[in-house]
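Visitor: Chains as they are written, first to last, in my numbering: chain A, 2 to 278; chain B, 2 to 278; chain C, 61 to 474; chain D, 61 to 474.
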Amino acid sequence: MSESDITAAFEDRPAFVPYLTAGDPTFESSIEYVEALARGGADVIELGLPFSEPIAEGPTIQQAIVRSLESGMTPERFFEFVETLGVDVPLVCMTYYNLIYQYGDAEGPRPFVERAAAAGIDGLIVPDLPVEEATPLRTACDAHGVDLIFIVAPTTTDERLTPLLEHSSGYVYVQARLGVTGARSDVSDRTSYSLDRLEGSDLPAAVGFGISTGEQAGEIVAAGADGIIVGSALVDIVAEGYEDDLTTEETAERLEAKARELTTGIIEQGRPRSERL
Amino acid sequence: MSESDITAAFEDRPAFVPYLTAGDPTFESSIEYVEALARGGADVIELGLPFSEPIAEGPTIQQAIVRSLESGMTPERFFEFVETLGVDVPLVCMTYYNLIYQYGDAEGPRPFVERAAAAGIDGLIVPDLPVEEATPLRTACDAHGVDLIFIVAPTTTDERLTPLLEHSSGYVYVQARLGVTGARSDVSDRTSYSLDRLEGSDLPAAVGFGISTGEQAGEIVAAGADGIIVGSALVDIVAEGYEDDLTTEETAERLEAKARELTTGIIEQGRPRSERL
Amino acid sequence: ETFGRYGGQYVPEALMPALEELTDAYRRYVLDNEDGFMDEFRERLRTFGGRPTPLQHAEKLSERYGTSVYLKREDLVHGGAHKLNNALGQVLLAKYMGKERIIAETGAGQHGTATAMAAAHLDMPCEIYMGRTDTNRQRPNVFRMRLNDAEVTPVDVGRGTLKEAISQALRDWAHSVETTHYVIGSVVGPHPFPQLVDEFQAVISAEIREQLHEQTGTLPNSVVACAGGGSNAMGTFHHFVDEESVDLYAIEAGGSSLDVDEERGVAPNSASLTTGTEGVLHGARTRVLQDSDGQIMESHSVSAGLDYAGVGPELAHLVETGRVTPESVDDRTALAGFHRLSQAEGIIPALETAHAVGWLEEATPEQLGEQVVLTVSGRGDKDLETVLEETATHDVPAAPEMDVFSTTGGDRNE
Amino acid sequence: ETFGRYGGQYVPEALMPALEELTDAYRRYVLDNEDGFMDEFRERLRTFGGRPTPLQHAEKLSERYGTSVYLKREDLVHGGAHKLNNALGQVLLAKYMGKERIIAETGAGQHGTATAMAAAHLDMPCEIYMGRTDTNRQRPNVFRMRLNDAEVTPVDVGRGTLKEAISQALRDWAHSVETTHYVIGSVVGPHPFPQLVDEFQAVISAEIREQLHEQTGTLPNSVVACAGGGSNAMGTFHHFVDEESVDLYAIEAGGSSLDVDEERGVAPNSASLTTGTEGVLHGARTRVLQDSDGQIMESHSVSAGLDYAGVGPELAHLVETGRVTPESVDDRTALAGFHRLSQAEGIIPALETAHAVGWLEEATPEQLGEQVVLTVSGRGDKDLETVLEETATHDVPAAPEMDVFSTTGGDRNE
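1) Sorted by chain position, which residues of the same chain lie with C-beta nearer than 8 Å to E257(A)'s C-beta, five sequence neighbours on each side aside?
2) Enumerate, from N- to C-terminal direction, the unbroken alpha helix (DSSP H) stretches of 4 or more residues contained entirely within the segment 383 to 416 of chain C.
3) In three-state terms, what does DSSP make of E216(B)?
4) For Y309(C), which of helix, strand or coil comes out of DSSP?
5) Which residues of chain D have a Cβ atom closer than 7 Å to the Cβ of M177(C), listed in chain order?
6) Please state the DSSP three-state secondary structure of F210(A).
7) Report the rounded CA-to-CA distance for F79(A) versus D455(D), giving the unit in angstroms.
8) Which of the three DSSP states is assigned to F63(C) in this structure?
9) Counting only beta-carbon separations shorter than 9 Å, does A287(C) have a partner in chain B?
10) Closer than 8 Å by beta-carbon distance: list the chain D residues that pair up with N208(C), in chain order.
11) Which runs of the beta strand (DSSP E) fall wholly inside the segment 307 to 390 of chain C and span at least 3 residues, in chain order?
12) Please say whether E12(B) and D274(B) have beta carbons closer to each other than 9 Å?
13) DSSP on Q116(C), reduced to helix/strand/coil?
14) For G406(C) and H138(D), I'd like the C-alpha separation in whole angstroms.
15) Quick one: Cα of H171(C) to Cα of G110(C), how far?
16) What does the alpha-carbon distance come out to for the pair V153(A) and K223(D)?
17) Establish whether the CB of G191(C) and some CB of chain B are separated by less than 9 Å.
18) For the beta strand (DSSP E) holding T213(C), just list the boundary residues, first then last.
19) For E94(D), which residues in the same chain have their Cβ closer than 6 Å to its Cβ, ignoring the five residues on either side in sequence?
20) Please return the same chain residues whose Cβ sits closer than 6 Å to the Cβ of Y189(D), not counting the five positions on each side in sequence.
21) If you draw a straight line from the C-alpha of A404(D) to the C-alpha of K120(D), how long is it?
22) Per DSSP, which residues does R133(C) bridge with? Please list them.
23) Considering Cα atoms alone, identify which of S128(D), F101(D), M157(D) is closest to L144(D).
24) Name the chain D residues that come within less than 7 Å of E133(A), Cβ to Cβ?
25) So which residues on chain C does A110(D) lean against when the C-beta distance must stay under 8 Å?
26) What do you get for T451(C), buried or exposed, if any count of 16 or more other CB atoms within 10 angstroms of its CB means buried?
27) Have a look at G169(D), A141(D), H181(D) and flag the residue whose alpha-carbon is nearest the alpha-carbon of V151(D).
28) Roughly how far, in whole angstroms, is the beta-carbon of V18(A) from the beta-carbon of D44(A), given that I think they are within contact range, below 8 Å?
29) When DSSP labels each residue in this structure, what does T166(C) get in the three-state scheme?
30) How many angstroms separate the CA atom of G140(D) from the CA atom of A210(C)?
31) What is the DSSP secondary structure of M74(B), counted as helix, strand or coil?
32) So with CB distances below 9 Å, who are the chain D contacts of L444(C)?
33) If you compare alpha carbons, which of A226(B), G228(B), E254(B) is closest to L235(B)?
34) Say whether chain C places a C-beta atom closer than 9 Å to the C-beta of L100(B).
35) Where does R269(D) fall in DSSP's three states?
36) Take H399(D) and list the residues in its own chain whose beta-carbon comes closer than 6 Å to its own, dropping the five residues that flank it on each side.
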């Protein structure tokens, strides 16, 4: 299996992987925000396609999803969103399985993956799809050269880790702590443990859940992470802009600044992946 | 057994027996009202001593009882009331057994009867005291020369009638219809039947429950009654006077007029009791 | 028929023939099972009423009091209280007697709802008298009666509570006695009602005795029941009265105080057994709350179902002979008992029952003995609003905070 | 584990180990009765829960429909609904598993109150998630949970009803999974929940089968149960699924219409079996109410307990294979059923149950057969206010007049 664009993005230094919900709060400003993150140093970008029952999300991203759905986001609009974006980093779609399953004629995940690949999506994360239920999606992803990224949780047992890594491609999403998404000021002790467990894997390990500052990002990279994933801290900036009626430009600038802060934290601590393996 | 004053009052013609609740709405005006009834032709007067749970009374007399209690009526005040009255017809006290039982040291009915006799009461009616429970009171009444008047109801069986008449003295209260006290426009067919059943008795039969006009009074007397008892129709006049803020004199005049109407109805149809027996 | 000094038939002559007829029916159908009446009654109690109810060992109360506490779960009877035992029996009896209509009084509405249910079940027209005050403060029970197609007639006399409703039902009965049966709601009223209601409620103690014997092979040391009119207490005690080794405790509503306000005619309690004096009320000689003239007082209890100025004559007699020990528990202790049973055992009791639960806290180990049976006479759903208000007023310890409606948050993650 | 196309475990990886642990506990304790788990469960259901509940022959419904109608009286279970069967089982299982805390979601509050009662009974700390809208419209149930010492946490997301409460409970569980058991309230969610809940509710059909055999010596021709999530239906059907002669009817909430408003994302019904399509919701593949993109719709029913956009996967499978016939009944027919049972049989049913009762009116004699069993899943006390409002709105025939509060009179004599 040749290394994917996504995996390659983790090569030179630990990657900065920001998340935003596509279409939050509108299609147009959301495009600006994602592009701002790219300017701020994003190596891979996770784009949320909103689902009405986001059981893995905390309140920050739940509200982003509400805003996005209210602005008219649908799977088809999402693909148009991806096609409209002017960024040249790999893109990962994060959504829930029912939307993937229903797309097209509700005949399974293939039509969704095909369309996603055509639009320019490089990988998928599906928080409510454990390895046990993932075979049809894995098959469709393989057929269209799309990476399927799984999450390793603090509760994931050693027995579960092996098949999980076997099915993963792109990177491994290391969940830094229990719970749902959301910015936190502490970084779990379990992060190091989780990273240690992944040492035998070929895939880069990106740590997410609760990272909000450049300092935290640096700490996690120092602990051995191949990348950091930041979602709620960025969505918070979008929410503030929305609530305080800032202009799209102002919010985009804030996002770019936050991205730079995080990227800087990573760079200060980061070494090329070859040195880390 | 020598004939009592009460029984004697039924001799010359069928008797008019009005009822008022003593102390309704005040001690003083109630004295005037009772005296007005005497002037209007009353042969015997029933005076209600109010009890908080008058289970045999309809709404008219219930309200009279409330007014009387609120004006401070008690058993002791009731006896003072009797002593204050300037009328020369026999007086019957109508009350419930708990007041009789509790009077004095709650040692039974004797103290009450003794005090009642001393005050000038000639008879008692106790609507919640059937013959079966009446022995102690019967004994006390005999000891103090007070008549004990029982009610014959439309439902009273022939088996019950014999002991009931044996225990009765003064007169027999014939309940004209089922239900509780209250003025009605119709006179029950059962009245004639009840009167027929009493033909063998030595005691006069007075019919009550629902009589409100001189015409009705005449009809009942024509049917063979030795007397008519009128309560609610008179209490209604007291209530109207109270509610419409009439002077005591105005209400007393109305009561006297109503009494005359009823007495006239009786006289037109009445014959001496000796002719009726 | 009397119980020592108590009982009798202090009613208008018009009702006496009906009481004779009822006494006859009671003897034939209830005592002698004529036409299989009692068989049908028991079968309907089982399939419609949900009997037998469990006798549950209460683990945490047992631990707390260092004894074995058993709960007789009358809260699980259809309608939510022991009241159906009696209502079903009387409505069925009325049917056997050829009556065409049912009337009943109700205070808190439990007897009214039970009667309405039984009347619907047995297809009898039904009218319930309820004081105006009670109709307004017990709206859900009024709805339930109406849903079961019973007429509900508010009584606008006096304070508009149970006492007035009974008086009004007696007045209706004096009017309608030839076609109508009056389903009285407790072991009160003229003979044969106290015996009749006792007989229908005796199923409680019959089951307790059998169930405890099954579970432990013994009789209890003490049996505890709340008492207002006394039907729950008499039903719970019935089959233990002749067992001298079993102590019987009737827990009354002590209200806010055992003193009385003679001037205003108000007793701030409903403890007729403890503080009442001999008198005649609603057809029977019994212990009543009255002033020195004999006027009946307005009683009070946080529990509408105990809020009555009289008590069953048989219970008064058993107290007088020393067979039953009366105890009273004030509003605050009852509320604490309410919360204790809710929190410790997951059973929200009626406020009536809460008095019995509250008394456990005040009882001595000698009184409780090694095995205590307490009857949960009903469930507390009907009392939620009252409990909330009164708990705040009385500052009851261990009551839960009820601030869930005042917060705006709900998410666990910040 | 799946039921045909339905079921599975569509949950975050963080929860998968807990589901494995639960599956293991389910096999050992529930299926194999390890450590006597099932014995203790059955004993507690009996003494705390009030089982067995009666199977009552309904005389007037039988007459009306020319068949023998039997009512399974789950309304008599402690708490007032079948919900306790499951809640008690899961809380006890959590205790056997060494968990220290219970969470649950609730819509109308019946599952929440059942869980709070079970948790109090078994001394487990308990937190209930409830949509903000539901906390406000089901205040009495919030009080009951608080009285049993459960935390009640309103959920301010979305429409603030059951769907959001389940999502929020899953989020809590993702956070607390190591010490906490999530007591799901119906036969929904990821494996092993649908089987686990079904197993705890199967006591309903086990009793029906035994009781009907005792009473008539036969199997029923048809078995009728209302279905929202489907725990009442699965519990009622469980022991009849293999008896091909017994017809099984799951009655869904037809709401105001079976059409959907795709534009607004609203389905004015909760008939997932009748009108839903295959999808993935709350951890399982099943039939759901969704738009063409796969977004879950807001469902609607006059009955809060049926108001859910999904349904248990096993029930979806039994419908797909033709073993269970889904039928839907609209709000008005359900309300008429509510009044019919209240008036004819003296049983005020939950609005959920009222759907099943309403369906009897629409069923053909062939569908009903000679013996019909209908499960009264709960009592209607919780629904009184809703019924009053909705009855007026829908102009339901045979509803009682509720003008008792507007009159001023009360005396019978003028």
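We put the beta carbon where it would ideally sit given N, CA and C, even for glycine.
All values derive from a computational prediction rather than experimental measurement.
Guide: Taking the coordinates as given:
1) A37, L38, R40, G41
2) 391 to 405
3) helix
4) strand
5) G406
6) Coil.
7) 46 Å
8) It is a strand residue.
9) no
10) Here the neighbours are S402, Q403, G406, I408.
11) As far as the segment 307 to 390 of chain C is concerned, its whole beta strand (DSSP E) runs of at least 3 residues are 307 to 315, 337 to 341, 344 to 348, 384 to 390.
12) In the sequence under discussion, the amino acid at residue 274(B) is Arg, which differs from the Asp named in the question. Cβ atoms of R274(B) and E12(B): closer than 9 Å.
13) strand
14) 10 Å
15) 17 Å
16) 27 Å
17) Chain B places no beta carbon closer than 9 Å to that of G191(C), leaving this residue out of the contacts.
18) 211 to 215
19) R88
20) E165, T213, V215, A225, Q228, A229
21) CA-to-CA, the gap between A404(D) and K120(D) works out to about 6 Å.
22) V436(C)
23) F101(D)
24) For E133(A), the chain D residues whose Cβ falls inside 7 Å of its Cβ are Q69, in order along the chain.
25) According to the sequence shown, residue 110(D) is Gly rather than Ala. What G110(D) touches in chain C: G110, T113, P114, R133, L136.
26) buried
27) H181(D)
28) Yes, they are in contact, since the Cβ atoms of V18(A) and D44(A) sit about 7 Å apart, within 8 Å.
29) strand
30) A direct Cα-Cα distance of roughly 22 Å separates G140(D) from A210(C).
31) coil
32) R199, P200, F203, R204, L207
33) E254(B)
34) Yes, L100(B) lies at the interface with chain C (some Cβ there is under 9 Å from its Cβ).
35) helix
36) The residues are A458, A459.
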